[in-house]
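Number of protein chains: 2
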Amino acid sequence: METAGTAEAVPRPGLRERKKRRTRDALLRAALELFTTQGYERTTVDEIAEAVDVSQRTFFRYFAGKEEVALAVQEMVEEHFVRSLRGRPPGEAPLEALRRAVLDGWDTINEAVASVVPVELYLRMFRLIESTPVLLAAHLRRSAETEEEIARLLAAREGLDVDTDPRPRLAVAVFGAVMRVTGRQWSTGEDFSLEAIRALTAAYLDQVGPALTGNWRTSGGS
Amino acid sequence: METAGTAEAVPRPGLRERKKRRTRDALLRAALELFTTQGYERTTVDEIAEAVDVSQRTFFRYFAGKEEVALAVQEMVEEHFVRSLRGRPPGEAPLEALRRAVLDGWDTINEAVASVVPVELYLRMFRLIESTPVLLAAHLRRSAETEEEIARLLAAREGLDVDTDPRPRLAVAVFGAVMRVTGRQWSTGEDFSLEAIRALTAAYLDQVGPALTGNWRTSGGS
DNA sequence: TTGTCGTTTGTCAGTGGCTGTCACTAGCCT
DNA sequence: AGGCTAGTGACAGCCACTGACAAACGACAA
Numbered sequence: 038m039e040t041a042g043t044a045e046a047v048p049r050p051g052l053r054e055r056k057k058r059r060t061r062d063a064l065l066r067a068a069l070e071l072f073t074t075q076g077y078e079r080t081t082v083d084e085i086a087e088a089v090d091v092s093q094r095t096f097f098r099y100f101a102g103k104e105e106v107a108l109a110v111q112e113m114v115e116e117h118f119v120r121s122l123r124g125r126p127p128g129e130a131p132l133e134a135l136r137r138a139v140l141d142g143w144d145t146i147n148e149a150v151a152s153v154v155p156v157e158l159y160l161r162m163f164r165l166i167e168s169t170p171v172l173l174a175a176h177l178r179r180s181a182e183t184e185e186e187i188a189r190l191l192a193a194r195e196g197l198d199v200d201t202d203p204r205p206r207l208a209v210a211v212f213g214a215v216m217r218v219t220g221r222q223w224s225t226g227e228d229f230s231l232e233a234i235r236a237l238t239a240a241y242l243d244q245v246g247p248a249l250t251g252n253w254r255t256s257g258g259s
Numbered sequence: 038m039e040t041a042g043t044a045e046a047v048p049r050p051g052l053r054e055r056k057k058r059r060t061r062d063a064l065l066r067a068a069l070e071l072f073t074t075q076g077y078e079r080t081t082v083d084e085i086a087e088a089v090d091v092s093q094r095t096f097f098r099y100f101a102g103k104e105e106v107a108l109a110v111q112e113m114v115e116e117h118f119v120r121s122l123r124g125r126p127p128g129e130a131p132l133e134a135l136r137r138a139v140l141d142g143w144d145t146i147n148e149a150v151a152s153v154v155p156v157e158l159y160l161r162m163f164r165l166i167e168s169t170p171v172l173l174a175a176h177l178r179r180s181a182e183t184e185e186e187i188a189r190l191l192a193a194r195e196g197l198d199v200d201t202d203p204r205p206r207l208a209v210a211v212f213g214a215v216m217r218v219t220g221r222q223w224s225t226g227e228d229f230s231l232e233a234i235r236a237l238t239a240a241y242l243d244q245v246g247p248a249l250t251g252n253w254r255t256s257g258g259s
């Protein structure tokens, strides 16, 4: 956090700072472009560095590893969602707040992403993550961390202790599970639009209740 | 599949086969022992191979990578659980079958694991996985694959198409989420016994309902 | 027993991700 | 202007992992 204080967030970035940000953004964009065109495994770090004309060592000074650059945008999106959740009114029930936060997050995704990469590139990258085992693994682990953060957030909201009451973690885990199924369904479907995943999210959240009802044989599916 | 037929599963393993199994088991045990004593990252493949007195190349002929050997026992346990689930009577409601299969799985965990490694070593390894980021990531991804298998299994049981009806995948994802929270809670708790995780499993499954109820502020806690 | 065959294994060489070190350059500050 | 420090490139090295080939060894039959 650069600006913990009050107003003026950008007194003067300084030349060094600007140069750094430009290098980082360039690396990120180059990496994503290479990943989505020739695949994650078939892209080497040397290639990415060369595309931006820096040394391999410099790449590793900006990103902890190949994985991190691949998941950087996803990270931004999750932060966007958590921010959205923090903004929900305290009166809302936990699951209601979660639901509204995600749907709101999709509606405003542009604000969070477009400044660094085009949304379309983000969506392509999302699908690549789902279909690349090592990326999917890393993504799932990071999601688990985000879930822990959200669980603490909700527990605080409701005045509970996350270590003695299992309900916050359980609820968040369940919610996260639904989000994951949604994302997977979207990425293997046909409609790769933003509206599609937004609609899927709403639909699947509505289906959780029925899915947990014992008898699936009466009245059914999508 | 060596023995697809009916009875006699072990006519005569043959010397070669026995030697192979012995090498594999030795590698597995040595790896787990090293991992749990000095940590996963601080253990090299060369070390493991040397402990069994084979070449590094041979290690990679038995295991696809360092990750695989670390998760091998976990894999056996999950297979054990899926087997247990397949044995549930068709009349049971899906979630009921899942619940009974897991609890049953814990009760009979010895049969599935003890022949290869002591159960105690498995439990230690379980905790190591939870606390080692790259292992946790790989574990979560494999769990996702198992969940897909289970979803198809349940869908078949109930006569549904897993691709048009979201409920099987949703239910399994929710169930898996609860199991993960359970495992995490167990591994960070104090009682590392088998009974402890068994009891936690039952308790957390009972808490899912309440966790999804909107109002946590009335009556709660562990 | 001996010879042949196919499998298992070791050796060697190489790739790619990632890290430590060190010297150099270029912003920044007084 | 000149010193301080952050950012960088060049180089060397570790470790996970793979392909290729030859040697060792078990299986089986003559």
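Protein chains in written order, with this note's numbering: chain Z, 38 to 259; chain R, 38 to 259. Each residue gets a CB set at the ideal place from its N, CA and C atoms; glycine is no exception. The structure displayed is predicted, hence computed values, not measured ones.
8 Å Cβ cutoff, residue i in contact with chain R
i	result
A248(Z)	yes
E167(Z)	no
P203(Z)	yes
A181(Z)	yes
Within chain R, partners of residue i - CB distance below 8 Å
i	result
R66(Z)	Within 8 Å Cβ-Cβ: nothing; R66(Z) doesn't reach chain R, min ~25 Å.
N252(Z)	A130
A210(Z)	A214, V215, R217 and V218
Buried or exposed (CB count within 10 angstroms, at least 16 for buried), residue i
i	result
T95(Z)	exposed
R206(Z)	buried
Q75(R)	exposed
E184(Z)	buried
S168(Z)	exposed
T43(R)	Confidence in T43(R) is poor, its pLDDT being 41 and thus under 50, which makes the residue's placement too unreliable to answer from.
A138(Z)	buried
G220(R)	buried
A151(R)	exposed
L52(Z)	exposed
S92(Z)	exposed
R123(Z)	exposed
S121(R)	buried
K56(Z)	exposed
E115(R)	buried
G128(R)	exposed
A192(Z)	buried
R98(Z)	exposed
E182(R)	exposed
G246(Z)	exposed
R136(Z)	buried
Proximal chain R residues relative to residue i, where beta-carbon distance stays under 7 Å
i	result
Q111(Z)	Near Q111(Z) there are no residues of chain R at all, since even the closest Cβ is about 14 Å away, more than 7 Å.
L173(Z)	R178
Assumed close pair residue i, residue j - CB separation to whole angstroms, cut-off 8 Å
i	j	result
R204(Z)	Q244(R)	6 Å
G196(Z)	A214(R)	Between A214(R) and G196(Z) the Cβ distance is about 24 Å, and since that is not below 8 Å, they are no contact.
T80(Z)	L69(Z)	Actually they are not in contact, since the Cβ atoms of T80(Z) and L69(Z) sit about 10 Å apart, beyond 8 Å.
L140(Z)	A210(Z)	At roughly 20 Å, the Cβ-Cβ gap does not stay under 8 Å, so L140(Z) and A210(Z) are not in contact.
L108(R)	A174(Z)	Their Cβ separation, rounded to whole angstroms, is 11 Å, which puts L108(R) and A174(Z) out of contact at 8 Å.
W253(Z)	P131(R)	7 Å
T225(Z)	M162(Z)	So it is not a contact: roughly 16 Å between Cβ atoms.
G186(R)	V119(R)	Sequence check: residue 186(R) is Glu here, not Gly. About 7 Å separates the two Cβ atoms, so the contact holds.
I146(R)	L231(R)	7 Å
Contacts that residue i makes with chain Z (C-beta to C-beta distance below 7 Å)
i	result
V156(R)	What V156(R) touches in chain Z: nothing, since even the nearest Cβ is about 25 Å away.
G213(R)	A214
P170(R)	R178
Contact with chain Z by residue i, beta-carbon distance below 8 Å
i	result
Q244(R)	yes
I122(R)	Per the sequence presented here, residue 122(R) reads as Leu, with Ile not at that position. Not closer than 8 Å to any Cβ of chain Z, the Cβ of L122(R) fails to qualify, so no.
R217(R)	yes
L197(R)	yes
R206(R)	yes
E133(R)	yes
Closer than 9 Å at the beta carbon, the chain Z residues around residue i
i	result
A101(R)	Neighbours of A101(R) on chain Z: none; closest Cβ ~11 Å, over 9 Å.
Chain Z contact residues for residue i, given Cβ-Cβ distances below 8 Å
i	result
Y241(R)	P203 and L207
Practice prompt. Could you pull out every unbroken alpha helix (DSSP H) segment of at least 4 residues lying fully inside the stretch 56-119 of chain R, listed in chain order?
Written response: 82-89 and 93-99
Worksheet item: Enumerated in chain order, which unbroken segments of the beta strand (DSSP E) with a length of 3 residues or greater are wholly contained in the stretch 172-234 of chain R?
Response: none
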